[in-house]
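Heads up: the sequence shown is residues 671 to 1183, going by my numbering. Where is the CB? At the ideal position from N, CA and C, for every residue including glycine. The next block holds one structure in the form of structure tokens; read it before the comments.
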Amino acid sequence: MHISNFIRNFTNHPVLFVGTGMSLRYLENSFTWDGLLSYISNKIKGSDEFYYDLKSKHEKNGEYDYSKIAKDLEKEFNDVLMSDRNGQFKEINDQFYENMKNHINISRFKLYISQLLSNYIIKDSQQHEISELKKVRKNIGSVITTNYDSFIEDIFEFKELIGNEILLSNPYGSVYKIHGCVKDPSKIIITDDDYGVFDEKYELIRAQLLSLFIHNPIIFLGYNIGDNNIKGILKTIFTYINPNTPQAEKIRKNFLLVEHDKGSQNTEVTDHDIDMSGFSTIRINKIKTDNFLEIYKHLADLNLPVSAMDIRKVQNIVKEIYAGGNIEVSVTEDVDALKNEEKVLAIGSLKTITYEFQTKAELMENYFKIIDESNHQLLKLIDKHKFQKNQYFPIYAFSKIQSELESSVELKGNQNEKITNIINNATDFAQEHTSISGILQDDNIVQSKKNLAIVLGIINDRIQLDTVEEHLRTYSDKKSTDYRKILCVYDYKKYADEHEMINLASSGGSIVS
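Shown next as structure tokens:
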């Protein structure tokens, strides 16, 4: 079956189960479990021999027990740092003793792992693929990961859940960090002892995850077919559910393992039998490929009635109602009679209830996130809004994502008119500047004119659009007119087609083409 047909059959938001292979694919400074332990051993010993001794000690039938290797390495690492207070790991010792001063005992070994994996570097060659991965997030219910780094929650902008938080939080729009996270080194699970404690406490977490596995499609990314994490999940499910029932068959159909095969452009999903020692053989779906773009494309195009983030918002509202929060509950047959309070949850017939998710202001504040996700479902609602001619609104990028907007032509006309007015009513007074930072640092330009200088620099092609994008993404006040003005000019310059461009001389003598 082609991957597009497989994903098209999803009726609920998929859950991603993300392993080390994803970090290795996208990050410069990432490690396999073996690679991480080897690197740390080499840092304290100066050669690989100590690590080889540990591997030899914990090898059985050609397989290495990395949790036991990690246990021995942790002891050696901590002993070395204890005897060398101000050596190459002085910073780790500083953290350790500062924690101890506050009665917090965190292993130096885990502090170092946290430091090592915190500042990740994205591979330049994978920027485009990561951009496509971001578009998937609107359709993803949750992410489960055994990775310590924060890469996946950062690009999805999901909340990470660590330890007991997994049991107490809303799963939608969350990343379950089941083996811990660099943001809380005390919760990192890596040694034999850690796994012993984890297994004792895992039953409640297992129940939480089991609910996700039963009701949602599960896509494994960054694991290989023999990975113990996958086998563990399958054992968990089919311990509680008879493998020969219709429910078990439904779960199996929802499982997809994406196995990396360098250079392959395969797009076909096939059946694969996993032999579980001491358990029955379990059949799952597998695609072996290097063409992750094709998978991301079809996940992003998945058309579900409500986005995963909408569900999270609704669940949070209901939770706040239960908690006696600041939400007024109204029972009415006339939805139009409801006041426009901070949050409104309407439950009723699709014929009578209209759900308008983001205001015009929110669409502008979330401009880049919407583009990153290519969120065409959300953008359909632009036609529901009423716009004044004097309002700034960036329509060009949105109209490329959602080509069926009836208001597109009118809004483009409004946007062009606003830009034309800027050109006609301002002298291009900062022509010597080719960067935003140069304008902001120029004391000869009064503060109230700096944003106008930036706008004119963009219009007249002196300031590169990638630096404008960075400036807008990090802009402190995205509700301000200055932000909206720069955004509209950026949107026009980057996304307007040639026939849509203004051809007008600015008052400073420059041409807008």
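Under a Cβ-count criterion, where at least 16 other Cβ atoms within 10 Å of its own Cβ denotes burial, should residue i be classed as buried or exposed?
{"i": "residue 672", "result": "exposed"}
{"i": "residue 1072", "result": "buried"}
{"i": "residue 1085", "result": "buried"}
{"i": "residue 1100", "result": "buried"}
{"i": "residue 1188", "result": "Nothing about residue 1188 can be read from this structure; the chain reaches only from 671 to 1183."}
{"i": "residue 684", "result": "buried"}
{"i": "residue 1069", "result": "buried"}
{"i": "residue 692", "result": "buried"}
{"i": "residue 773", "result": "exposed"}
{"i": "residue 1012", "result": "Confidence at residue 1012 is low in this model, with a pLDDT of 45, below 50, so its placement is unreliable and the value that follows should be read with caution. Per the 10 Å Cβ criterion, exposed."}
{"i": "residue 1060", "result": "exposed"}
{"i": "residue 1116", "result": "exposed"}
{"i": "residue 924", "result": "buried"}
{"i": "residue 721", "result": "buried"}
{"i": "residue 827", "result": "exposed"}
{"i": "residue 729", "result": "exposed"}
{"i": "residue 705", "result": "exposed"}
{"i": "residue 852", "result": "buried"}
{"i": "residue 850", "result": "buried"}
{"i": "residue 1079", "result": "exposed"}
Excluding five sequence neighbours on each side, which residues of the same chain lie with their C-beta closer than 8 Å to the C-beta of residue i?
{"i": "residue 946", "result": "901, 904, 905 and 952"}
{"i": "residue 1007", "result": "Confidence in residue 1007 is poor, its pLDDT being 48 and thus under 50, which makes the residue's placement unreliable; the coordinate value appears in the next sentence. Nothing listed; no residue qualifies."}
{"i": "residue 883", "result": "685, 903, 906, 907 and 921"}
{"i": "residue 762", "result": "751, 778, 781, 782 and 785"}
Alpha carbons only, please: which of the options is nearest the one belonging to residue i?
{"i": "residue 700", "options": "820, 776, 770 and 1069", "result": "820"}
{"i": "residue 973", "options": "807, 1163, 710 and 720", "result": "807"}
{"i": "residue 963", "options": "1138, 940, 943 and 936", "result": "936"}
{"i": "residue 1044", "options": "1152, 971, 874 and 965", "result": "971"}
{"i": "residue 1064", "options": "863, 1041 and 1117", "result": "1041"}
{"i": "residue 1087", "options": "726, 705 and 1155", "result": "1155"}
{"i": "residue 698", "options": "854, 1074, 1118 and 792", "result": "792"}
{"i": "residue 809", "options": "950, 1137, 680 and 1081", "result": "680"}
{"i": "residue 932", "options": "892, 745 and 1158", "result": "892"}
{"i": "residue 1038", "options": "1078, 1067 and 751", "result": "1067"}
{"i": "residue 1132", "options": "1121, 1105, 895 and 1157", "result": "1105"}
{"i": "residue 737", "options": "748, 724 and 731", "result": "724"}
{"i": "residue 1092", "options": "1122, 1078, 758 and 1079", "result": "1122"}
{"i": "residue 894", "options": "849, 748, 853 and 942", "result": "942"}
{"i": "residue 1135", "options": "873, 897 and 1158", "result": "1158"}
{"i": "residue 682", "options": "923, 795 and 887", "result": "887"}
{"i": "residue 798", "options": "758, 696 and 1049", "result": "696"}
{"i": "residue 910", "options": "934, 949 and 944", "result": "949"}
{"i": "residue 733", "options": "896, 873 and 1108", "result": "896"}
{"i": "residue 1147", "options": "1035, 1120, 1094 and 1079", "result": "1035"}
{"i": "residue 1107", "options": "885, 916, 881 and 1137", "result": "1137"}
{"i": "residue 796", "options": "961, 1054, 1118 and 1048", "result": "961"}
Please list, in chain order, all residues of the same chain as residue i whose beta carbon is under 6 Å from its beta carbon, the five residues on each side excluded.
{"i": "residue 694", "result": "700"}
{"i": "residue 875", "result": "836"}
{"i": "residue 1145", "result": "1153"}
{"i": "residue 966", "result": "802, 803 and 806"}
{"i": "residue 1170", "result": "none"}
{"i": "residue 1033", "result": "none"}
{"i": "residue 829", "result": "844"}
{"i": "residue 833", "result": "857"}
{"i": "residue 674", "result": "968"}
{"i": "residue 794", "result": "none"}
I'd like the list of long-range same chain contacts for residue i, defined as Cβ closer than 7 Å, with 5 residues on each side in sequence excluded.
{"i": "residue 1031", "result": "1149"}
{"i": "residue 912", "result": "918"}
{"i": "residue 1172", "result": "1086, 1089, 1090 and 1182"}
{"i": "residue 678", "result": "none"}
{"i": "residue 1120", "result": "1109 and 1110"}
{"i": "residue 1184", "result": "The requested residue 1184 does not occur in the structure, where the chain is confined to residues 671 to 1183."}
Please look up how many angstroms separate the CB atoms of residue i and residue j, rounded, as I've assumed it's under 8 Å.
{"i": "residue 1103", "j": "residue 1113", "result": "Actually they are not in contact, since the Cβ atoms of residue 1103 and residue 1113 sit about 13 Å apart, beyond 8 Å."}
{"i": "residue 776", "j": "residue 855", "result": "5 Å"}
{"i": "residue 1075", "j": "residue 1057", "result": "Contact doesn't hold; Cβ gap of about 12 Å is too wide."}
{"i": "residue 714", "j": "residue 747", "result": "6 Å"}
{"i": "residue 800", "j": "residue 825", "result": "6 Å"}
- Message: With a threshold of 8 Å, are at least 3 pairs of Cβ atoms found where one atom belongs to the region 918-938 and the other to the region 948-964?
- Response: yes
- Query: Counting pairs of Cβ atoms below 8 Å between the region 810-822 and the region 687-696, do you hit three or more?
  - Reply: yes
- Message: Could you check whether the region 772-782 touches the region 839-849, counting it as contact only if at least three pairs of C-beta atoms, one from each stretch, sit closer than 8 Å?
- Response: no
- Message: Under 8 Å: do the region 1154-1171 and the region 1128-1137 share three or more Cβ pairs, one atom per stretch?
- Response: yes
- Message: Below 8 Å, how does it come out for the region 695-714 and the region 781-800: are there three or more Cβ pairs, yes or no?
- Response: yes
- Would you check if there are 3 or more beta carbon pairs closer than 8 Å linking the region 733-752 to the region 857-870? yes
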